[in-house]
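Read the structure below first, then the notes.
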Amino acid sequence: MALARRAEAGRGSALDPYGLGMGEAEVLDGGNTSGEVVRVGDTVRKPWLATTARVVAFMETLRETGIDVPGTHGRDEQGRLVLDFVPGTMAIDIAPLGVDVVRRVGVLIRRIHDVSARLPVPSDWPAGLLPAPHADLICHNDLATWNLVIDGDRLVFIDWDGAAPSSRSWDVAYAAISFGHLFPESDVCASAARLAAFIDGYDADQALREQLPTLMADRARAMYELLRTSHEIGREPWSSMFLDFHGDHWRNTTHFIEQHRSDWSRAIAR
Ligand SMILES: Nc1ncnc2c1ncn2[C@@H]1O[C@H](COP(=O)(O)OP(=O)(O)OP(=O)(O)O)[C@@H](O)[C@H]1O
Ligand SMILES: [Mg+2]
Numbered sequence: 055m056a057l058a059r060r061a062e063a064g065r066g067s068a069l070d071p072y073g074l075g076m077g078e079a080e081v082l083d084g085g086n087t088s089g090e091v092v093r094v095g096d097t098v099r100k101p102w103l104a105t106t107a108r109v110v111a112f113m114e115t116l117r118e119t120g121i122d123v124p125g126t127h128g129r130d131e132q133g134r135l136v137l138d139f140v141p142g143t144m145a146i147d148i149a150p151l152g153v154d155v156v157r158r159v160g161v162l163i164r165r166i167h168d169v170s171a172r173l174p175v176p177s178d179w180p181a182g183l184l185p186a187p188h189a190d191l192i193c194h195n196d197l198a199t200w201n202l203v204i205d206g207d208r209l210v211f212i213d214w215d216g217a218a219p220s221s222r223s224w225d226v227a228y229a230a231i232s233f234g235h236l237f238p239e240s241d242v243c244a245s246a247a248r249l250a251a252f253i254d255g256y257d258a259d260q261a262l263r264e265q266l267p268t269l270m271a272d273r274a275r276a277m278y279e280l281l282r283t284s285h286e287i288g289r290e291p292w293s294s295m296f297l298d299f300h301g302d303h304w305r306n307t308t309h310f311i312e313q314h315r316s317d318w319s320r321a322i323a324r
């Protein structure tokens, strides 16, 4: 992942306990949606959003149960969220991942969902960008290789800002596309094997296995429609993303998933 380095005035002040006196920050490339994401020493700074206090509480609950997510450290002197920087490789840079890692990602997502299932879903927490048909669980909503750090055996999901009410199956469908690498030009047999490993790791029940091929196509199409309709009304950053690689990517991904529906069904049947 390319890191653009630039001087950042005013860091490392007495008001910034995590500035570490470095007086310098790296702008972290790789994301599209959060505005500026900056590394300062061993921390990451991201914009503080209306839902961030809730997101932080959710992350801390996950951490208390032993799930490895970045530690949070409140706000810095500029009001930004301060998070632990997680060293390692972004999974997207080495995707598609091997089946054993993909299976472990499935296990991890199941643990996240099971902890979340014990928590109430606040009725005033707005749904995410792609609302689930029946939202009943606080979900990450962007569980994908572009938000997973791998360091040896350590697997850590970052970028929890979009956490919001959704559902297991909607969150799983999205993660299954990414970790199965169900993307155009992929080898169908290899993608089906990764998908099966992911779903076995998640220990999906019969109902989810039967629904998944349809849900994955629906979820990919929802991504495409979000980008397309954002472009129609000029809503950024999705409008620009529609025009660059992302619009074509999600349209072609939708077709690829639909075209090979029977392969996915066969691979994940019990
Ligand atoms: N806690 C962290 N530890 C290590 N690297 C991080 C961390 N947070 C962010 N990064 C790096 O910064 C990049 C952008 O961060 P992040 O994914 O949070 O931004 P975003 O704009 O919200 O992304 P997206 O487009 O996925 O919504 C990541 O791809 C990763 O390389
Ligand atoms: Mg991200």
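Residue numbers (my numbering): 55 to 324.
Positions of the beta carbon are idealized from the N, C-alpha and C atoms, including for glycine.
As the structure is a computational prediction, the values presented were derived from the model and not from experiment.
Checking 8 Å against the spacing of the C-beta atoms, do H127 and T97 come in under that value?
With contacts defined by Cβ atoms closer than 8 Å, H127 and T97 form a contacting pair.
What I want to know is whether the C-beta of L103 ends up closer than 7 Å to one or more non-hydrogen atoms of ligand 1.
no
Using a Cβ-Cβ cut-off of 6 Å (strictly less than) and excluding sequence neighbours within five positions of N306, which residues of its own chain qualify?
These residues qualify, in order along the chain: P238.
For a test of your reading of the model: does the CB of L137 fall under 7 Å from any non-hydrogen atom of ligand 1? Yes or no.
yes
Give me whichever residues DSSP pairs with S220 in a beta bridge.
L191
Start-to-end residues for the alpha helix (DSSP H) that takes in T106
106–118
Cα-Cα separation, F310 to Q265:
It is roughly 17 Å from the alpha-carbon of F310 to the alpha-carbon of Q265.
If you follow the beta strand (DSSP E) that V210 is part of, which residue opens it and which one closes it?
208–211
I121 by DSSP, collapsed to three states: which one?
coil
Taking Cβ positions, are L184 and L280 nearer each other than 8 Å?
Yes, they are a contact pair.
Within the continuous alpha helix (DSSP H) that includes R129, where are the two ends?
Taken as a continuous stretch (DSSP letters only), R129 belongs to no alpha helix (DSSP H), being part of the beta strand (DSSP E) at 126–129.
So, does the region 169–176 touch the region 123–138, judging by three or more C-beta pairs under 8 Å?
no
For the beta strand (DSSP E) containing L202, name the first residue and the last one.
Looking at the DSSP string, the run of the beta strand (DSSP E) that includes L202 is 202–205.
Is H194 near W224, with beta carbons less than 8 Å apart?
no
Does DSSP put V94 in a helix, a strand or coil?
strand
For ligand 2, is there any heavy atom lying closer than 7 Å to the beta carbon of N201?
yes
Using a Cβ-Cβ cut-off of 7 Å (strictly less than) and excluding sequence neighbours within five positions of I212, which residues of its own chain qualify?
P124, V140, N201, V203
Got a sec? Which residues, its chain only, sit under 8 Å from D23 by beta carbon, not counting five neighbours each side?
Since the first and last residues shown for the chain are 55 and 324, residue 23 lies out of range.
Just tell me which of D241, A181, A186, F233 has its CA closest to the CA of R222.
A186
In chain order, what residues of the same chain lie with their CB nearer than 6 Å to the CB of R275, ignoring the 5 residues before and after it?
T308
Looking at ligand 4, does it come within less than 7 Å of D317, judged from the CB to the closest heavy atom?
As for ligand 4, it is missing from this structure, which binds only ligand 1 and ligand 2.
Among all the DSSP beta bridges, which residues are the ones paired with L137?
V98, T126
Tell me the DSSP secondary structure of V161 in three-state form.
helix
Around the Cβ of D190, are there at least 16 other Cβ atoms within 10 angstroms (buried) or fewer (exposed)?
exposed
Burial state of A217 (16 or more Cβ within 10 Å):
Per the 10 Å Cβ criterion, buried.
Burial state of D107, where buried means 16 or more other Cβ atoms lie within 10 Å
According to the sequence provided, residue 107 is Ala. The question's Asp does not apply to it. Under this definition A107 is an exposed residue.
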